[in-house]
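Numbered continuously in the numbering used here, the sequence shown closes out at residue 514. Notes to accompany the following structure.
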Amino acid sequence: MLQELYLYRNKISGKIPTSFGNMSKLSLLSLYHNILEGSIPGSLGNCINLQGLDLSYNRFTGTIPEQIVALPSLTIENQLSGNIPSTLGDCLVLEFLYMEGNHFEGTIPPSFKQLRGIQELGLSNNNFPGKIPSFLGDFSLIQYLNLSYNKFEGEVPSKGVFSNISAFSIGGNNKLCGGNKALQLPACPTKSPNKQGKHFSNRVLIIAISVPVCIILLLACICATLYWNRRRKERTTSTSSLGNQYPNISYAELLQATEGFSSRNLIGEGSYGSVYKGILNCDVARAIAVKVLNLQVRGASKSFLAECEALKNIRHRNLVKVVTACSSIDFKGNEFKALVFEYISNGSLESWLHSSRSSNNEDSRNLNLVQRLNIAVDAASALDYLHNHCETPIIHCDLKLSNVLLDDDLLAV
102 MLQELYLYRN KISGKIPTSF GNMSKLSLLS LYHNILEGSI PGSLGNCINL QGLDLSYNRF
162 TGTIPEQIVA LPSLTIENQL SGNIPSTLGD CLVLEFLYME GNHFEGTIPP SFKQLRGIQE
222 LGLSNNNFPG KIPSFLGDFS LIQYLNLSYN KFEGEVPSKG VFSNISAFSI GGNNKLCGGN
282 KALQLPACPT KSPNKQGKHF SNRVLIIAIS VPVCIILLLA CICATLYWNR RRKERTTSTS
342 SLGNQYPNIS YAELLQATEG FSSRNLIGEG SYGSVYKGIL NCDVARAIAV KVLNLQVRGA
402 SKSFLAECEA LKNIRHRNLV KVVTACSSID FKGNEFKALV FEYISNGSLE SWLHSSRSSN
462 NEDSRNLNLV QRLNIAVDAA SALDYLHNHC ETPIIHCDLK LSNVLLDDDL LAV
């Protein structure tokens with residue numbers, strides 16, 4: 102029958118007991134400022150009368166259980182007011198921002214134009230007035246935008262995220278007009294025509310003017326459709342990278358893993374970028390090779406998308422294992438793209454066959470006939486797989502000794 106439980110500002114450690122979910126009458130639970138750890142138990146979702154839950158300033162890990170988020174009784178929320186600080190625009194690598202259910206007002210700061218890495222932005226249930234900023238349509242990575250239940254008015258932008266009605270929400274703003282036709286909003290009022298303008302009554306002249314205009318508009322619509330379809334495909338490919346089965350790795354993690362992309366860790370350079378060795382510290386330390394695309398080179402972005410599309414569908418023991426891909430924004434606000442591979446410790450076949458060898462390592466760098474034959478068979482097996490057994494055949498256009506790597510067991514990849 103317990104209804105309120107306050108245990109805040111103590112030194113309680115350990116995990117939240119799952120038995121807390123048995124307190125079905127509980128309306129307020131405050132556990133902030135302790136040293137609790139582990140995951141938040143989903144059993145709290147059984148507290149169907151829970152109105153307020155404060156778990157701040159602890160050491161919890163993992164995600165917030167869906168059972169808790171879905172509780173309809175949770176009604177005690179933030180009540181922030183005033184204007185959004187313009188300094189939020191300085192968070193150049195910000196990807197997710199949720200500010201729903203408050204009392205913010207004023208315009209969305211123009212400094213938000215700098216948030217080019219934003220993927221999800223939630224501003225619903227506030228008091229934002231005026232027109233929807235058109236620059237929100239310029240964010241190429243955004244997948245979710247919620248502006249519903251504010252005081253926006255005027256024309257809805259139509260480019261970028263606003264071209265896909267499933268990617269944004271504007272409900273509850275009753276003074277909006279125009280935008281995507283699928284929104285079924287009223288047309289925006291047009292300016293009254295100039296009564297002193299000329300009236301062309303000649304039917305031939307009208308036809309002569311209207312036909313070229315219609316053709317131009319038709320071509321413009323076709324071009325716009327092709328352009329946005331391409332942008333949508335690129336955005337989907339770049340944000341999902343190699344698919345959901347691969348881990349998400351941020352620019353900051355790769356920067357740390359390669360010691361700031363130090364020249365000491367540079368292990369190769371190619372047409373579209375450079376490859377760095379790094380140590381990725383996730384659950385366990387892992388050696389990786391990071392291919393950083395030089396996006397200043399023409400065709401580098403296209404090459405990145407093509408590699409992602411190809412690599413996500415191939416699996417073979419003689420091909421380098423893909424760890425993941427990263428498409429983000431660096432700390433200077435520039436676009437950043439990289440592919441992350443498993444690091445192959447024994448270097449290239451070229452280094453084994455043609456590099457200068459000292460007396461100290463000559464024996465370790467000597468390949469006997471059987472080893473050479475096995476390496477040749479490994480390389481041929483990989484090519485046969487790429488050319489003949491992939492879902493989409495892939496042609497390797499740069500087969501050479503420096504592109505054949507050897508692992509600890511001298512397996513060629």
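Don't be surprised by glycine CBs; every beta carbon is placed ideally from N, CA and C.
Own chain partners of residue i with C-beta closer than 6 Å, once the 5 adjacent residues on each side are dropped
i    : result
Y199 : G223
N100 : Outside the shown range of the chain, which is 102 to 514, sits residue 100, and nothing can be said about it.
L42  : Nothing in the structure corresponds to residue 42, since the chain is present only between 102 and 514.
Y352 : S429, D431, F437
P230 : K252
L181 : N203
C232 : Rather than Cys, the amino acid found at residue 232 in this sequence is Lys. Once the five neighbours on either side are set aside, the close Cβ partners of K232 are G255.
Y347 : T425
R387 : L381
G207 : N184
R110 : H134
Rounded separation between residue i and residue j - CA only
i    : j    : result
K392 : D479 : 23 Å
P118 : V170 : 19 Å
N447 : D510 : 9 Å
I255 : Q397 : For the record, residue 255 in the displayed sequence is Gly; it is not Ile. Whole-angstrom Cα-Cα distance: 39 Å.
E410 : Y245 : 23 Å
N349 : L502 : 32 Å
L127 : K422 : 50 Å
N475 : L367 : 29 Å
P166 : H490 : 42 Å
L507 : S404 : 25 Å
L156 : L440 : 37 Å
L500 : S482 : 13 Å
N395 : S375 : 8 Å
F564 : E370 : The shown model of the chain, from 102 to 514, leaves out residue 564, and the question about it has no answer.
M102 : E408 : 60 Å
N467 : H455 : 11 Å
S212 : C498 : 45 Å
I496 : V424 : 22 Å
S241 : A321 : 21 Å
H488 : P494 : 5 Å
S114 : G183 : 37 Å
Q168 : S144 : 8 Å
L484 : C315 : 52 Å
L470 : S363 : 38 Å
G379 : A477 : 29 Å
I177 : G218 : 31 Å
Y158 : E201 : 22 Å
S311 : N275 : 35 Å
G298 : L319 : Residue confidence for G298 is low, a pLDDT of 47 falling below 50, so the modelled location carries little weight; the figure read from the coordinates is stated next. Between G298 and L319, the C-alpha separation is close to 27 Å.
Residue i vs residue j beta-carbon contact at 8 Å
i    : j    : result
L175 : Q152 : yes
C289 : G273 : no
F253 : Q220 : no
S270 : L248 : yes
L137 : F121 : no
S267 : N281 : no
V257 : L277 : yes
Buried versus exposed, by CB contacts within 10 Å (16 or more), residue i
i    : result
S570 : Since the first residue of the chain shown is 102 and the last is 514, residue 570 is not available in this structure.
S225 : buried
I209 : buried
Y373 : buried
A426 : buried
Y377 : buried
G400 : exposed
L108 : exposed
G163 : exposed
I76  : Limits of the chain in this structure are 102 at one end and 514 at the other, which puts residue 76 out of reach.
I317 : exposed
8 Å CB neighbourhood of residue i in its chain, flanking five on each side removed
i    : result
C192 : L216
A309 : none
E354 : L381
T338 : A caution first: T338 carries a pLDDT of 46, below 50, which makes its placement in the model unreliable, though a value can still be read off. Only L406, C409, E410 meet the Cβ criterion.
K214 : G190, F236, D239
K116 : L137, E138, G139, S140, P142
Beta-carbon proximity list for residue i, same chain, < 7 Å, skipping 5 on both sides
i    : result
K112 : N135, I136
V514 : N419, L420, V421, I445, L506, D508
Near the ligand ZN: residue i beta-carbon under 7 Å from a heavy atom
i    : result
L502 : With respect to the ligand ZN, the structure shown offers nothing to examine, as it has no ligands at all.
Exercise. Is there contact between the stretch 352-364 and the stretch 389-406, where contact requires at least three CB pairs shorter than 8 Å?
Worked result: yes
Exercise. How do the stretch 434-452 and the stretch 256-271 stand: do at least 3 beta-carbon pairs fall below 8 Å, yes or no?
Worked result: no
Exercise. Is the stretch 147-167 touching the stretch 185-201 in the sense that three or more CB pairs, one from each, lie closer than 8 Å?
Worked result: They do not touch, by the three-pair rule.
For this session: Tell me, please, whether the stretch 319-327 touches the stretch 407-415 by the rule of three or more beta-carbon pairs shorter than 8 Å.
Result: no
For this session: Pair every Cβ in the stretch 231-240 with every Cβ in the stretch 419-437, then say whether three or more of these pairs are closer than 8 Å.
Result: no
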